[in-house]
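There are 2 protein chains.
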Amino acid sequence: MSATPDPVASPAARPPTLRDVAILAGVSPMTVSRVFSGNLNVRPEVQERVRSAAATLGYRRNENARSLRPGHRSGLIGVTITNIANPYYAEMQRGIEEVAAEHSRRILIGNSNEDAELESRLVADFLGRQVEGLIVVPSGSAADSTHLRDAAQGGVPIALASRALDDLDVDTVLVDDIGGAFAATDRILAEGHTRVGFLGTQASVFTGRRRLQGFRDAHAVRGIAIDEDLVLAGQRDVQSAEAAMQALLQLADPPTAVFTANNRNTIGAIRAIELDRRRRRSAAPLRIRLIGFDSFEFADLSPVPLSVVAHDARELGRRAATMLLERIDGLDPAVAGRVIELPARLQEVPAP
Amino acid sequence: MSATPDPVASPAARPPTLRDVAILAGVSPMTVSRVFSGNLNVRPEVQERVRSAAATLGYRRNENARSLRPGHRSGLIGVTITNIANPYYAEMQRGIEEVAAEHSRRILIGNSNEDAELESRLVADFLGRQVEGLIVVPSGSAADSTHLRDAAQGGVPIALASRALDDLDVDTVLVDDIGGAFAATDRILAEGHTRVGFLGTQASVFTGRRRLQGFRDAHAVRGIAIDEDLVLAGQRDVQSAEAAMQALLQLADPPTAVFTANNRNTIGAIRAIELDRRRRRSAAPLRIRLIGFDSFEFADLSPVPLSVVAHDARELGRRAATMLLERIDGLDPAVAGRVIELPARLQEVPAP
DNA sequence: GGGGCGATTGATATCGTTACCAATCGGCGG
DNA sequence: CCGCCGATTGGTAACGATATCAATCGCCCC
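Protein chains in written order, with the UniProt record's numbering: chain Y, 1 to 352; chain H, 1 to 352.
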C-alpha cells in the first residue's frame with residue numbers, strides 16, 4: 001500500500017447528504033431532516049443516533065437545497081459598494097452587517113468601482129442567488145437605474161445608501177449633505193473669508209452635487225460671489241485632490257479658505273498644504289482655513305488646522321439595513337420609499 | 001376599479017420560473033434551459049421567442065437551484081475578517097474581491113469580531129451555503145481551530161490571511177512580522193535608545209506575538225535588556241492604545257522611543273503625544289522616537305515624527321485569494337499548506 | 001377490553017434546473 | 001425511393017431537502 005495519508009473515511013469526493021446520514025443511522029431521510037430542524041417528535045435515542053452519524057460523516061445541511069423549497073428564504077442580502085477600500089464605506093459595511101446579523105442574514109458583497117455596468121452585473125448576480133434584498137451605493141456614473149427598477153418590480157426590496165436616485169422610489173438613507181456643506185461654508189464666510197475654494201467629486205456623484213449646492217447656497221444667502229476658478233470638482237482619489245489643492249495654492253490670487261467635500265479631497269488638501277510647508281522648511285503651514293466634509297480617523301490630529309463636518313457611517317449602514325429588513329419582513333409594499341437624512345454636524349476646530 | 005398602481009403584470013408574489021417562461025413561449029422547459037446556457041441547437045426564431053417571454057416575465061435563473069445539480073459549483077467564497085472597520089482589513093477585502101471577481105466568484109463576508117465562537121458559526125454557515133473555499137483571518141481568541149479543520153477535512157480549501165494557526169496546515173499569507181518588527185526595533189536601538197516601549201495587541205493574537213518577538217530579538221542581538229514595564233500588550237483599539245501610551249509617558253522614567261505593533265496602537269500613541277502637546281500648549285511635541293508597524297493613510301502627515309513598517313494589505317488579500325483559487329481549481333490536495341510571507345519594509349521618516 | 005388519541009416514523013411529491021436519452025423531422029447519398 | 005444522419009425538441013429523472021399525509025405503535029380511559 002502507498003503512503004498516502006488517509007486516516008479517516010474517504011477524502012469526501014462528494015459532501016455527505018442527508019440521505020447518507022439516514023442510511024448510516026438506519027432511519028429514513030425524513031427523520032434526519034426532523035432532527036436538524038427542531039427535533040419535533042423524534043425519540044431522544046434516535047436523535048442521538050442521527051447526530052452521531054452526522055458527526056461521523058461531517059454532514060452539513062445544504063442551505064441552497066433548503067432554500068429551494070417554497071416559502072423558504074435565502075437569508076442573504078446583497079450589498080454593492082462603490083469602493084470598500086474607502087474607510088467610510090468599510091465602516092458602513094460594518095453597520096450593515098451588524099443589523100443583518102441580528103436578523104440572521106448574511107451579506108454578499110461586491111465593489112462596483114463607480115462603474116454602472118459592473119454594478120448592474122453584480123445586482124443581476126445577486127438576484128440570481130436569491131438575495132432577499134439589496135443595499136446599494138449607486139455608482140456615480142449610473143445614468144440609468146434600470147437594473148434596480150427591474151429588481152424592485154420583481155419584488156426584491158432595495159435600500160439606497162449615501163446616494164439617492166431621482167428616478168427610483170425606494171428607501172434611502174442619506175447624509176444631510178446640503179445642510180452640512182451649507183453650515184461649513186457659512187461658518188467660513190462668517191469668519192470673513194470671501195474667496196473660498198471648493199474641492200469635490202464630479203457632479204455626477206450625488207453627494208458631490210449636493211455638497212456643492214450647499215456651498216453655493218451659503219454664498220447666495222450672504223450675497224457673496226463665487227469665483228468659479230476656485231471650484232474644482234472631479235477628484236475621486238487623494239492623489240488628484242492633492243494636485244487640485246496645489247493648483248489652488250499656485251493661483252495668483254489663491255483662496256483664503258477651502259471647503260473640501262469629502263474625505264478624499266480633505267486628505268489631499270491637507271497633504272498639499274503640509275508638503276508645501278515642508279518644502280518651504282517652515283515651522284508653520286500656510287494660513288488656509290480648511291473645513292472638510294466627512295470625519296476620519298485622523299481628523300483631530302491633522303497637522304493643518306481643520307474643522308470637519310462629521311456624520312456616522314456605521315449608523316448610515318445600520319439604518320439602511322434596518323429599513324431593508326422592515327421591507328423583507330413584510331412592510332406594506334404600498335408604503336412609498338422612505339428617505340432618511342442623517343445629520344452632519346460641524347465640529348469645532350480643536351485648539352491648535 | 002381601485003387606484004392601486006399595478007400597471008404591468010402581477011406584483012410577482014413568486015418570482016417567475018423557467019417553467020413559466022416555457023409556458024409563455026410555448027416550448028418545453030428544456031428548450032428554455034438551453035437558450036440560457038449556450039443556445040446549443042435551438043432555432044434562432046425559438047430563441048427569440050424564449051428571450052422575449054423571459055423579458056416579459058422578468059425571469060432570472062435561480063442560481064441556487066442550478067448549483068444543486070451534481071458537479072456544479074456555487075461560485076461563492078466565504079470570507080471571515082476580524083473587523084472590517086479596520087482600514088487594513090478593508091483594503092485586504094478589496095484585494096480578495098479583485099481576484100475573486102477575475103475568477104467569476106462572489107464573496108460572502110462576515111465579521112468575527114475576534115470572537116472564536118462567532119467565527120465558528122460564520123464558517124459553519126458559509127459551508128452550509130456551499131462556498132467553494134474559505135479565506136479566514138483567524139480570530140485572536142481562537143484557542144482551537146476545530147471548525148476549520150472540519151472544513152478542510154470535508155474538502156473545502158481554506159486560506160488563512162494575516163495570521164497562521166500552528167495546528168492547521170493550510171495555505172497562509174503572512175506579513176514578515178518578525179523581520180519587520182526586528183528592523184524597526186533595531187533601527188531604534190542603533191540610534192542609541194536603550195529604553196524602548198512596546199505597544200501591541202494581546203499575545204493571543206498571532207501578529208501581536210510575532211511582532212513582540214521581533215522586538216525582543218532585536219534587543220537580544222544587541223544585548224540590551226528590556227524593561228518589562230515598558231511592554232504593554234493588550235490594546236485592540238485606538239482608545240486603549242492612547243491610554244497605554246499615556247501610562248508610558250507618565251512613568252517616572254519614561255521610554256525615549258516606542259515601537260507600536262499595529263496601526264491601532266500607532267494612532268493611539270500619536271494621539272497621546274499630540275494631545276499632551278496641546279495640553280502643554282507647546283509648539284513641539286514630546287521628543288519620543290516613534291516607529292509603528294502597518295502603514296496607514298496619514299502616516300506621512302503625522303503631527304508627531306513617525307516611521308512606519310509598511311506592507312501591502314491589498315496584495316495580501318490578492319495572494320490569499322490566488323492560492324485559494326488554485327486549490328479550488330484542482331491543485332493536488334497532497335500539496336502541503338503553502339506559506340507566503342510578504343515583506344514589511346521600514347520606511348524612512350519624512351523630513352519633519 | 002375496545003376505541004381512540006398522541007407520539008413517532010416513513011413514503012411521496014415537489015422546489016427550479018439540467019444531464020441524458022428518446023423522438024421527430026428534413027434532407028441527402030446511393 | 002429507402003435509409004441514415006444531423007438538427008431540433010421534449011420527456012424523465014435526478015440534485016438535497018422538507019411539507020404533507022399516511023401508517024404504525026403504545027397507552028389510557030370508560
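By construction, the Cβ of each residue, glycine as well, lies at the ideal position given by its N, Cα and C atoms.
Within the same chain, show all residues whose beta-carbon is closer than 6 angstroms to that of residue i, passing over the 5 residues directly before and after it, in chain order.
i      : result
Y/P16  : L57, Y59
Y/G78  : L108, F126, V131, L134
H/R345 : A310
H/A183 : L346
Y/Y89  : I81
H/L24  : A53
Y/R271 : E242
Y/H219 : I226
H/A119 : Per the sequence presented here, residue 119 of chain H reads as Glu, with Ala not at that position. If we look at H/E119 and ignore the five residues flanking it on each side, its Cβ neighbours are T80, S112, S139.
Y/V339 : T172
In three-state DSSP terms, what is residue i?
i      : result
Y/T82  : coil
H/Q93  : helix
Y/R105 : coil
H/Q347 : strand
H/F293 : strand
H/D171 : strand
Y/E341 : strand
Y/N41  : coil
Y/T260 : strand
Y/F126 : helix
H/F206 : helix
Y/I77  : strand
H/V27  : coil
H/S282 : coil
H/V99  : helix
H/R307 : Strictly speaking, residue 307 of chain H in this sequence is Ser, with Arg absent from that position. Strand at H/S307.
Y/V136 : strand
H/N113 : coil
Y/G180 : helix
Y/A334 : coil
Y/R189 : Before going further, note that residue 189 of chain Y is Leu rather than Arg in the sequence given. Looking at Y/L189 - three-state DSSP - the assignment turns out to be helix.
H/V238 : helix
H/A164 : coil
Y/I273 : helix
Y/V156 : coil
Hey, out of the options, whose CA is closest to residue i's CA?
i      : options                        : result
H/D237 : Y/E297, Y/G268, Y/G128         : Y/E297
H/S33  : H/L76, H/L18, H/E45            : H/L18
Y/R195 : Y/L168, Y/V173, Y/L249, Y/G180 : Y/L249
Y/D329 : Y/R73, Y/M245, Y/V175          : Y/R73
Y/E341 : Y/G179, Y/L331, Y/V231         : Y/G179
H/D312 : H/E48, H/R49, H/R187, H/L174   : H/L174
Y/I267 : Y/P87, Y/Q47, Y/S139           : Y/P87
H/H193 : H/I224, H/D171, H/D167, H/D169 : H/I224
H/V50  : H/P29, H/A181, H/D167          : H/P29
Y/P343 : Y/D171, Y/L331, Y/E315, Y/D332 : Y/E315
Y/R66  : Y/S37, Y/S282, Y/R277          : Y/S37
H/F221 : H/P44, H/E274, H/V42, H/R187   : Residue identity check: residue 221 of chain H is Val in the sequence provided, not Phe. That would be H/R187, whose Cα lies nearest to the Cα of H/V221.
Leaving aside the five residues before and after residue i along the sequence, list all residues of the same chain whose C-beta is less than 8 angstroms from its C-beta, in chain order.
i      : result
H/V123 : G78, T80, L134, V136, H147, L148, A151
H/S10  : No answer about H/S10 holds up, because its pLDDT of 43 lies below 50 and its placement is not dependable.
H/A203 : R209, L212, A233
H/D20  : L57, Y59
Within a Cβ cutoff of 7 angstroms, which residues of the same chain sit near residue i, ignoring the five residues on either side of it in sequence?
i      : result
Y/H103 : L325
Y/P7   : For Y/P7, the pLDDT reaches just 34, beneath the cut-off of 50, and the residue's location in the model is therefore unreliable, although a value from the coordinates is still provided. Once the five neighbours on either side are set aside, Y/P7 has no close Cβ partner at all.
Would you be able to state if there are at least three C-beta pairs under 8 angstroms between the region 158-173 of chain Y and the region 307-325 of chain Y? yes
Counting Cβ pairs closer than 8 angstroms, one from the region 109-128 of chain Y and one from the region 91-98 of chain H, do we hit at least three? yes
Cβ contact check for the region 241-255 of chain Y and the region 213-221 of chain Y: 3 or more pairs under 8 angstroms: no
Given 8 angstroms as the limit, is there contact between the region 258-267 of chain H and the region 280-296 of chain H, that is, 3 or more CB pairs closer than that? yes
Along the region 132-150 of chain Y, what residues have a CB closer than 9 angstroms to any CB found in chain H? D150
Please list, in chain order, the residues of the region 278-304 of chain H that have any C-beta partner in chain Y closer than 7 angstroms. R278, E297, F298, L301, P303
Select from the region 85-110 of chain Y all residues with a C-beta closer than 7 angstroms to any C-beta belonging to chain H, and list them in chain order. A85, P87, A90, E91, Q93, R94, E97, R106, I107, L108, I109, G110
Listed from N- to C-terminal order along the chain, which residues in the UniProt domain "HTH lacI-type" (16-70) of chain Y have their beta-carbon within a distance smaller than 9 angstroms of any beta-carbon of chain H? P16, G58, R60, R61, N62, E63, N64, A65, R66, S67, L68, P70
Give me the subset of the region 313-347 of chain Y whose CB atoms are less than 8 angstroms from a CB atom of chain H, sorted by chain position. R314, P333, A334
Chain H contacts from the region 249-275 of chain Y (Cβ-Cβ distance under 7 angstroms): I267, I270, R271, E274
Between the region 191-224 of chain H and chain Y, which residues of the former have a C-beta closer than 8 angstroms to a C-beta of the latter? none
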